[in-house]
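The listed protein sequences correspond, in order, to chains V and C. Residue numbers for the first sequence follow the numbering used here, so the first one is 2 and each next one is one higher. Residue numbers for the second sequence follow the numbering used here, so the first one is 5 and each next one is one higher. For glycine and all other residues, C-beta sits at the position ideal for the given N, C-alpha and C.
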Amino acid sequence: MSPDLQAAWQAVIHHPLFGIGLTLATYQLALAAYERTRWPFLQPVLVAMLMVIGTLYLLEINVREYLEFTNIFVLLLGPVIVALAVPLYINLRHIRQLWKPVLQTLLIAGLTATLMGSGLAWMFGASEEMQRTLLTKSVTSPFAILLAGEVNGIPALAAIFAILTGVIGAMLGPELLRKINVKHPAAVGLALGLTSHAVGTARAMQEGEQCGGFAALGMSLMGVTTAVLLPVAVSLLT
Amino acid sequence: MLLRGLTLLILMQLLGTAINVLLLPMIPGQVLGMLLLFVWLMIRGEVSAPLNEAAGSLLHYLPLLLIPIAVSAVLFIDSISGQVLAVSAALFVSLALSLLFTGWLMEKLIARQLRQKEQA
Numbered sequence: 002m003s004p005d006l007q008a009a010w011q012a013v014i015h016h017p018l019f020g021i022g023l024t025l026a027t028y029q030l031a032l033a034a035y036e037r038t039r040w041p042f043l044q045p046v047l048v049a050m051l052m053v054i055g056t057l058y059l060l061e062i063n064v065r066e067y068l069e070f071t072n073i074f075v076l077l078l079g080p081v082i083v084a085l086a087v088p089l090y091i092n093l094r095h096i097r098q099l100w101k102p103v104l105q106t107l108l109i110a111g112l113t114a115t116l117m118g119s120g121l122a123w124m125f126g127a128s129e130e131m132q133r134t135l136l137t138k139s140v141t142s143p144f145a146i147l148l149a150g151e152v153n154g155i156p157a158l159a160a161i162f163a164i165l166t167g168v169i170g171a172m173l174g175p176e177l178l179r180k181i182n183v184k185h186p187a188a189v190g191l192a193l194g195l196t197s198h199a200v201g202t203a204r205a206m207q208e209g210e211q212c213g214g215f216a217a218l219g220m221s222l223m224g225v226t227t228a229v230l231l232p233v234a235v236s237l238l239t
Numbered sequence: 005m006l007l008r009g010l011t012l013l014i015l016m017q018l019l020g021t022a023i024n025v026l027l028l029p030m031i032p033g034q035v036l037g038m039l040l041l042f043v044w045l046m047i048r049g050e051v052s053a054p055l056n057e058a059a060g061s062l063l064h065y066l067p068l069l070l071i072p073i074a075v076s077a078v079l080f081i082d083s084i085s086g087q088v089l090a091v092s093a094a095l096f097v098s099l100a101l102s103l104l105f106t107g108w109l110m111e112k113l114i115a116r117q118l119r120q121k122e123q124a
C-alpha cells in the first residue's frame, strides 16, 4: 500500500465510529442468518460476537479500543433494565387466580435454580469466580450482567451463560417436561420463563398464549426478585 | 413520543441512582429505577404510549446492545480455560434439573389449589 492509502486505512479502522458501525453491520448479518435458518444456537448476539472478534483480530485492532468506542451500548443497558418494569406490569395480569402457586414456585424453584448452578460448579471444581458468575445464569442477560458485577463475577461471561442457558432450555425444555408429564400450560410456561428467560419465553409463545404469558411472567418475576434479593444477600453475607 | 418515553426511563434510573447513594447502597440504581417505574405504573394503572414505545424499542434492540459485552469475554479467556468442561456441565445439569423441578412443582401446586377449591 502506498503511504497515503495506508494512512487512510488506519484513519478508517481507528475512527471512533468504526466499532459502532462494525457492531451494527455484524448484528444485521447475524440476524439475517438466524432468520434464514431459525436454528436456536445461531443466536444473533453469539454470531455477531464471533464476527466482531474475528474482524478485530484480522485488522489488528485492540479489543479495549473497540470496547471504549462502543461503551454507549453498555450504558444503554441501564434504561433497558428500567424498561423491564413494563413487561413485569403487563404480565402480572396473567397471574389472576394462580398467584399463590406462582409465588410459591418462584421462591422455591427460583432459589434452587440460582444455587444449583454454582453448587454444581463447585462440585465439578470450577473456580470461585465462575461459581459466582453462574449465580446469575437464570435471569435475563441485562440483569445477569449487572448482578455478576455485584457478586464479583465476570459480567461478560454472565451474559454468554445466560444466553446459552436460554437456548438450551428452549430447545430441550418442552420435550423434557412432557417426559415427566408436566402438561398444564401455566406450569410449562413458568418453568421455561423462570429458568430460560427470554429465549425460553419465545419458545413458550409457540406453545400457546397461556404458556407464553406465564413464561413472560416467570422471566419478569425471576429477574426482579433476583435483582433485589441477590445483592442484599451478598451484602449480608460479606 | 419515543424521546418522551426514553427521558422517563433515564429519569427513573437517575432517581434510582440517587436513592442508591442516599438510602440503599446494596441495591443497584438501575434496579431501583425499575422498581420506581413499576410503582409509577401501578399508580397510573396503564402504560402510556410514549413509555410503551421507548421500552418496546429498547427491548427489541437488546441483542444488539449486548454485543460489546459479549465481545469483552475474550479478555477473560485465561480465567475460563481449563474449566470449560466443569462450567458447561454445571450449566447444563442445573438447567435441566431446575427446569424439571419448576414445572413439576408448579403442576403439583396448581392441582392442590384445584382440590382445595373443590372441597371448599
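{"Query": "Interface residues of the segment 19-40 of chain C facing chain V [CB-CB below 7 angstroms]", "Result": "M30, I31, P32, Q34, V35, G37 and M38"}
{"Query": "8 angstroms contact criterion, which V64/V and L57/V should meet: CB distance rounded", "Result": "6 angstroms"}
{"Query": "Residues of its chain near T71/V, where Cβ-Cβ distance is below 7 angstroms and the 5 sequence neighbours each way are ignored", "Result": "G20, I21 and T24"}
{"Query": "Member of M206/V, E151/V, P156/V and A216/V whose CA lies at the smallest distance from the CA of S236/V", "Result": "E151/V"}
{"Query": "Neighbour list for F162/V in chain C, Cβ cutoff strictly below 9 angstroms", "Result": "V91 and L95"}
{"Query": "DSSP state of L43/V mapped onto helix, strand, coil", "Result": "coil"}
{"Query": "Closer than 7 angstroms at the beta carbon, the chain C residues around H185/V", "Result": "E111 and I114"}
{"Query": "Endpoints, the alpha helix (DSSP H) within which G120/V is located", "Result": "W100 to M124"}
{"Query": "Coil, strand or helix - L136/V by DSSP", "Result": "coil"}
{"Query": "Neighbour list for T137/V in chain C, Cβ cutoff strictly below 9 angstroms", "Result": "Result: empty, since nearest Cβ-Cβ is about 12 angstroms, beyond 9 angstroms."}
{"Query": "Endpoints, alpha helix (DSSP H) assigned at F105/C", "Result": "V88 to Q123"}
{"Query": "Length of the line joining the Cα atoms of L89/C and L99/C", "Result": "15 angstroms"}
{"Query": "For S236/V, the first and last residue of its enclosing alpha helix (DSSP H)", "Result": "E210 to L238"}
{"Query": "Cβ-Cβ separation, L63/C to A84/V (assumed contact under 8 angstroms), whole Å", "Result": "6 angstroms"}
{"Query": "Any chain C beta carbon closer than 9 angstroms to T202/V", "Result": "no"}
{"Query": "Of the listed residues F125/V, N182/V, L177/V and T134/V, nearest to A163/V (C-alpha basis)", "Result": "T134/V"}
{"Query": "CB contact check: A86/V to chain C, cutoff 9 angstroms", "Result": "yes"}
{"Query": "Whole runs of the alpha helix (DSSP H) within the segment 23-76 of chain V, excluding any shorter than 4 residues", "Result": "45-60 and 64-70"}
{"Query": "Residues of the segment 75-86 of chain C with Cβ closer than 7 angstroms to any Cβ of chain V, in chain order", "Result": "V75, S76, A77, V78, L79, F80, S83 and I84"}
{"Query": "Nearest-angstrom Cα separation, counted from D5/V out to G20/C", "Result": "51 angstroms"}
{"Query": "For L45/C and T16/C, believed in contact at Cβ under 8 angstroms, the rounded distance", "Result": "Thr is not the amino acid found at residue 16/C; the sequence shown has Met there. About 11 angstroms; that fails the 8 angstroms criterion."}
{"Query": "Limits of the unbroken alpha helix (DSSP H) element including P29/C", "Result": "Premise fails: P29/C is in no alpha helix (DSSP H) and is neither H nor E."}
{"Query": "9 angstroms Cβ cut-off: residues of chain V touching I47/C", "Result": "In chain order: nothing, as chain V lies at least about 11 angstroms away."}
{"Query": "DSSP state of S142/V mapped onto helix, strand, coil", "Result": "helix"}
{"Query": "Beta-carbon neighbours of M206/V, restricted to chain C and to distances below 9 angstroms", "Result": "Chain C residues near M206/V: none, gap ~15 angstroms exceeds 9 angstroms."}
{"Query": "is_contact[R65/V, chain C] using C-beta, thresh 9 angstroms", "Result": "yes"}
{"Query": "Under 9 angstroms between C-beta atoms of F74/V and L118/C", "Result": "no"}
{"Query": "Pair within 9 angstroms by beta-carbon distance, A149/V and T141/V", "Result": "no"}
{"Query": "Alpha-carbon spacing of L77/V relative to A86/V, whole angstroms", "Result": "16 angstroms"}
{"Query": "Nonlocal neighbours in the same chain, by C-beta distance under 8 angstroms from G201/V, ignoring five residues either side", "Result": "G167, G170, A171, G174, L193, G194, A216 and M220"}
{"Query": "Own chain residues within Cβ distance below 6 angstroms of E122/C, not counting five before or after", "Result": "none"}
{"Query": "Within 8 angstroms of chain C by C-beta, residues of the segment 39-54 of chain V in sequence order", "Result": "Q44, P45, V46, L47, A49, M50, V53 and I54"}
{"Query": "9 angstroms Cβ cut-off: residues of chain V touching Q117/C", "Result": "Q98, L99, K101 and P102"}
{"Query": "Proximal residues to L43/V (C-beta, below 8 angstroms), its chain only, five neighbours per side dropped", "Result": "A31, A34 and Y35"}
{"Query": "Chain V within 9 angstroms of M16/C, Cβ atoms only", "Result": "yes"}
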